[in-house]
Amino acid sequence: MALFCGRTISRLCVKSTQSYLRRGALIQQQNQQLHRRLITQSTALPKEKVTLHFLNVNGEKVSVNANVGDNILDVVIDNDIDIDGYGACEGTLACSTCHLIFKKEDYNQISDKPSDEELDMLDLAYGLEDTSRLGCQVYVQKDMDGWEIKVPDAVADARDV
Ligand code: FES
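Taking my numbering, the leading residue of the sequence shown gets 24, the next gets one more, and so forth.
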């Protein structure tokens, strides 16, 4: 359908244009309704959960349910896990207080590999090991169910260095 009908705008051309615009508005309205419905349905779906075990300095094991897709900083905060000074920069990759140590076999399964920025920050963490990661940079995966994650003996805030 042509919107431009020549130099003289005929009545037929005006009607066609109005009809075209009405149909466009209707399609846009339907798209918005569909979008709203999809958002409502996706947020209503229960999140998949896995169990993670945190091994604290004093040997205590704290087991929590973690939402797949959340980062481990959020898991620690949402479950009120008592780790001194944990997550001081709130996940902005500026402190290294969210340092955690994974088992070798688990470490290799983490799909998000550490960025250069994370590695730089890890260099400032206390008790660094080959399988260390920053909790704010690791996202919970389905295959993490049952993982044991070690909390380092002490926390170093890179901002104090
Ligand atoms: S919370 Fe600060 S680096 Fe992760």
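Note that beta-carbon positions come from the ideal geometry of N, C-alpha and C, so glycine has one too.
- The three-state reading of DSSP puts Leu-96 in helix, counting H, G and I together.
- In this structure, Ala-181 lies away from Tyr-149, with their beta-carbon atoms at least 8 Å apart.
- Membership of Leu-78 in the beta strand (DSSP E) is indicated by the continuous run 72–78.
- Checking the 7 Å criterion, the Cβ of Leu-145 is out of range of every heavy atom belonging to ligand 1.
- Look at which beta carbons fall closer than 7 Å to any heavy atom of ligand 1; those residues are Leu-96, Gly-110, Ala-111, Cys-112, Glu-113, Gly-114, Thr-115, Leu-116, Ala-117, Cys-118, Ser-119, Thr-120, Cys-121, Met-144, Leu-157, Gly-158, Cys-159 and Gln-160.
- DSSP links Lys-165 through a beta bridge to no other residue.
- Annotation: Glu-140 to Leu-116 spans about 8 Å, alpha carbon to alpha carbon.
- For the 8 Å CB-CB criterion, Asn-94 and Tyr-162 form a contact.
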